[in-house]
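Letter by letter, the sequence shown follows residues 29 to 223 of our numbering.
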Amino acid sequence: MILQWSWINVLGGMIITLLLIPNIVYALKRQGEKNLCENRLMNILEQVGRYGSMLCMIVCFGESGFGFPSLADFYCYIVGSAVLLSAYWIAWGLYFRRAGVQTFVRGKGPVAVFVAGRKNVAGIARLKWALAILPCCLFLLCGITLRYIPLILSAVLFAVGHPYVTYRNIVSRTYGEKERSTVSGTDGRRQDRDQ
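This is the structure in C-alpha coordinates:
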(Lines of atoms letter the chains of each structure in order from A and count residues from 1; the text may use other names and numbers.)
(Lines give C-alpha, C1' and ligand atoms only; values in the text may rest on other atoms or scores of the structure.)
Protein backbone atom coordinates (compact mmCIF):
# COMPACT_ATOMS: atom_id res chain seq x y z
CA MET A 1 0.00 0.00 0.00
CA ILE A 2 1.30 3.48 -0.81
CA LEU A 3 0.58 6.66 1.12
CA GLN A 4 -0.14 4.76 4.32
CA TRP A 5 -0.64 6.54 7.62
CA SER A 6 -1.93 5.83 11.12
CA TRP A 7 -5.42 4.93 12.28
CA ILE A 8 -6.51 8.62 12.26
CA ASN A 9 -7.42 10.12 8.87
CA VAL A 10 -6.83 13.89 9.03
CA LEU A 11 -8.11 14.35 5.47
CA GLY A 12 -11.29 12.49 6.41
CA GLY A 13 -11.70 14.75 9.45
CA MET A 14 -11.41 17.83 7.26
CA ILE A 15 -13.98 16.42 4.81
CA ILE A 16 -16.44 15.67 7.65
CA THR A 17 -15.94 19.17 9.08
CA LEU A 18 -16.69 20.76 5.69
CA LEU A 19 -19.70 18.46 5.29
CA LEU A 20 -21.11 19.40 8.70
CA ILE A 21 -20.76 23.20 8.58
CA PRO A 22 -23.86 23.88 6.41
CA ASN A 23 -25.81 21.22 8.34
CA ILE A 24 -25.05 23.01 11.62
CA VAL A 25 -26.11 26.35 10.11
CA TYR A 26 -29.37 24.72 8.93
CA ALA A 27 -29.99 23.17 12.36
CA LEU A 28 -29.50 26.55 14.05
CA LYS A 29 -31.83 28.30 11.60
CA ARG A 30 -34.52 25.62 11.75
CA GLN A 31 -34.55 24.65 15.42
CA GLY A 32 -37.37 22.35 16.35
CA GLU A 33 -37.90 20.92 12.87
CA LYS A 34 -38.93 17.29 13.19
CA ASN A 35 -38.30 14.24 11.07
CA LEU A 36 -41.68 13.31 9.58
CA CYS A 37 -40.61 9.88 8.27
CA GLU A 38 -42.50 7.25 10.24
CA ASN A 39 -40.58 4.20 8.98
CA ARG A 40 -38.44 3.18 11.97
CA LEU A 41 -36.24 0.81 9.99
CA MET A 42 -35.26 3.48 7.46
CA ASN A 43 -34.68 6.04 10.24
CA ILE A 44 -32.37 3.55 11.99
CA LEU A 45 -30.53 2.70 8.74
CA GLU A 46 -30.04 6.40 8.05
CA GLN A 47 -28.62 7.14 11.50
CA VAL A 48 -26.39 4.04 11.68
CA GLY A 49 -25.13 4.80 8.18
CA ARG A 50 -24.59 8.50 8.90
CA TYR A 51 -22.65 8.14 12.15
CA GLY A 52 -20.87 4.98 11.01
CA SER A 53 -19.68 6.76 7.85
CA MET A 54 -18.50 9.82 9.75
CA LEU A 55 -16.63 7.69 12.30
CA CYS A 56 -15.07 5.47 9.62
CA MET A 57 -13.97 8.54 7.64
CA ILE A 58 -11.79 9.54 10.60
CA VAL A 59 -10.88 6.36 12.51
CA CYS A 60 -9.47 3.14 11.03
CA PHE A 61 -10.34 -0.04 12.92
CA GLY A 62 -7.85 -2.22 11.00
CA GLU A 63 -4.31 -3.09 11.97
CA SER A 64 -2.57 -1.38 9.07
CA GLY A 65 -4.28 2.02 9.33
CA PHE A 66 -5.45 4.18 6.46
CA GLY A 67 -3.78 4.12 3.09
CA PHE A 68 -4.31 4.10 -0.66
CA PRO A 69 -3.52 1.08 -2.84
CA SER A 70 -2.30 3.34 -5.65
CA LEU A 71 -1.57 6.92 -6.54
CA ALA A 72 -4.65 6.91 -8.80
CA ASP A 73 -6.84 6.05 -5.78
CA PHE A 74 -5.31 8.93 -3.85
CA TYR A 75 -6.03 11.38 -6.70
CA CYS A 76 -9.59 10.05 -7.06
CA TYR A 77 -10.07 10.52 -3.31
CA ILE A 78 -8.78 14.11 -3.33
CA VAL A 79 -10.33 15.32 -6.61
CA GLY A 80 -13.60 13.39 -6.17
CA SER A 81 -14.03 14.65 -2.61
CA ALA A 82 -13.32 18.23 -3.69
CA VAL A 83 -15.86 18.03 -6.54
CA LEU A 84 -18.58 16.42 -4.39
CA LEU A 85 -18.00 18.84 -1.50
CA SER A 86 -18.13 21.80 -3.89
CA ALA A 87 -21.39 20.54 -5.37
CA TYR A 88 -22.74 20.00 -1.85
CA TRP A 89 -21.85 23.54 -0.77
CA ILE A 90 -23.33 25.00 -3.97
CA ALA A 91 -26.57 23.06 -3.35
CA TRP A 92 -26.68 24.37 0.23
CA GLY A 93 -26.04 27.91 -1.02
CA LEU A 94 -28.94 27.65 -3.46
CA TYR A 95 -31.11 26.11 -0.76
CA PHE A 96 -30.36 28.91 1.73
CA ARG A 97 -30.96 31.48 -0.99
CA ARG A 98 -34.45 30.10 -1.48
CA ALA A 99 -35.10 30.13 2.27
CA GLY A 100 -37.41 33.13 1.84
CA VAL A 101 -39.55 31.09 -0.51
CA GLN A 102 -39.67 28.27 1.99
CA THR A 103 -42.70 29.59 3.81
CA PHE A 104 -44.47 26.49 2.54
CA VAL A 105 -42.66 24.42 5.17
CA ARG A 106 -44.66 26.22 7.84
CA GLY A 107 -47.95 25.33 6.16
CA LYS A 108 -49.33 21.90 5.41
CA GLY A 109 -50.72 20.18 2.39
CA PRO A 110 -51.90 21.92 -0.78
CA VAL A 111 -51.71 25.30 1.02
CA ALA A 112 -47.93 24.90 0.99
CA VAL A 113 -47.83 24.48 -2.78
CA PHE A 114 -50.25 27.38 -3.26
CA VAL A 115 -48.22 29.79 -1.08
CA ALA A 116 -44.79 29.03 -2.56
CA GLY A 117 -45.85 28.04 -6.06
CA ARG A 118 -45.48 24.65 -7.66
CA LYS A 119 -42.25 25.63 -9.49
CA ASN A 120 -40.55 26.81 -6.28
CA VAL A 121 -41.66 23.71 -4.37
CA ALA A 122 -40.26 21.46 -7.12
CA GLY A 123 -36.97 23.42 -7.16
CA ILE A 124 -36.56 23.12 -3.41
CA ALA A 125 -37.39 19.41 -3.58
CA ARG A 126 -34.64 18.92 -6.21
CA LEU A 127 -32.15 20.72 -3.97
CA LYS A 128 -33.15 18.51 -1.03
CA TRP A 129 -32.57 15.46 -3.23
CA ALA A 130 -29.10 16.72 -4.15
CA LEU A 131 -28.35 17.34 -0.48
CA ALA A 132 -29.42 13.78 0.31
CA ILE A 133 -27.48 12.06 -2.47
CA LEU A 134 -24.17 13.97 -2.55
CA PRO A 135 -22.95 12.92 0.93
CA CYS A 136 -23.85 9.29 0.13
CA CYS A 137 -21.68 9.50 -3.01
CA LEU A 138 -18.88 11.14 -1.04
CA PHE A 139 -18.80 8.42 1.63
CA LEU A 140 -18.91 5.68 -1.01
CA LEU A 141 -16.11 7.28 -3.02
CA CYS A 142 -13.89 7.61 0.05
CA GLY A 143 -14.58 4.04 1.16
CA ILE A 144 -13.87 2.59 -2.27
CA THR A 145 -10.67 4.57 -2.87
CA LEU A 146 -9.38 3.67 0.62
CA ARG A 147 -10.54 0.04 0.17
CA TYR A 148 -12.02 0.37 3.66
CA ILE A 149 -14.91 -2.10 4.03
CA PRO A 150 -16.49 -0.64 7.23
CA LEU A 151 -16.79 2.75 5.50
CA ILE A 152 -18.25 1.18 2.35
CA LEU A 153 -20.85 -0.75 4.39
CA SER A 154 -21.79 2.34 6.42
CA ALA A 155 -22.05 4.38 3.23
CA VAL A 156 -24.37 1.79 1.67
CA LEU A 157 -26.63 1.88 4.76
CA PHE A 158 -26.68 5.67 4.58
CA ALA A 159 -27.37 5.57 0.82
CA VAL A 160 -30.39 3.35 1.46
CA GLY A 161 -31.82 5.23 4.45
CA HIS A 162 -31.05 8.89 3.83
CA PRO A 163 -32.71 9.36 0.42
CA TYR A 164 -35.80 7.47 1.62
CA VAL A 165 -36.14 9.59 4.78
CA THR A 166 -35.56 12.74 2.71
CA TYR A 167 -38.28 11.68 0.25
CA ARG A 168 -40.78 11.02 3.04
CA ASN A 169 -40.02 14.43 4.59
CA ILE A 170 -40.42 16.21 1.24
CA VAL A 171 -43.78 14.51 0.65
CA SER A 172 -45.02 15.11 4.20
CA ARG A 173 -44.03 18.77 4.29
CA THR A 174 -45.33 19.52 0.81
CA TYR A 175 -48.54 17.52 0.62
CA GLY A 176 -49.54 17.00 4.23
CA GLU A 177 -48.82 14.59 7.04
CA LYS A 178 -49.14 11.43 4.95
CA GLU A 179 -48.99 10.79 1.24
CA ARG A 180 -52.29 9.31 0.19
CA SER A 181 -53.45 7.68 -2.97
CA THR A 182 -56.97 6.61 -3.75
CA VAL A 183 -57.77 3.24 -5.10
CA SER A 184 -61.12 1.88 -6.13
CA GLY A 185 -62.54 -0.86 -3.95
CA THR A 186 -64.22 -3.92 -5.37
CA ASP A 187 -67.61 -2.45 -4.64
CA GLY A 188 -66.84 0.78 -6.54
CA ARG A 189 -66.25 2.93 -3.43
CA ARG A 190 -63.02 4.90 -3.06
CA GLN A 191 -60.69 3.84 -0.30
CA ASP A 192 -57.71 5.75 1.06
CA ARG A 193 -54.47 3.82 1.33
CA ASP A 194 -51.17 5.00 2.83
CA GLN A 195 -48.22 4.64 0.50
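All residues carry an ideal CB built from backbone N, CA and C; glycine is no exception.
Bear in mind that the values here come from a model prediction, so they are computed numbers and not experimental data.
Can you give me the start and stop residues for the alpha helix (DSSP H) that residue 94 sits inside? Careful: residue 94 lies outside any alpha helix (DSSP H) and carries neither H nor E.
To the nearest angstrom, how far is it from the Cα of residue 59 to the Cα of residue 52? 10 Å
| query | What is the residue span of the alpha helix (DSSP H) that residue 44 lies within? | reply | 38–57
### Task
Check the C-beta distance from residue 109 over to residue 170 and give it rounded, since I have them as a contact under 8 Å.
7 Å
Exercise. May I have the straight-line CA-CA distance separating residue 112 from residue 104, to the nearest angstrom?
Key: 11 Å
Open item on the list: In whole angstroms, give me the CA-to-CA distance for residue 117 and residue 50.
Closed with: 7 Å
Margin query: Check for me: the alpha helix (DSSP H) holding residue 81 runs from which residue to which?
Written below: 68–86
**Report entry** Test item: CB-CB of residue 77 and residue 189 under 8 Å
**Finding:** yes
Smallest Cα separation from residue 90: which of 191, 199, 176? 176
When you compare each of 174, 186, 200, 199 to residue 226 by their alpha carbons, which one comes out closest? Limits of the chain in this structure are 29 at one end and 223 at the other, which puts residue 226 out of reach.
For residue 118, three-class secondary structure by DSSP: helix
*Where residue 73 and residue 83 are concerned, what is the direct C-alpha to C-alpha distance, given to the nearest angstrom?*
15 Å
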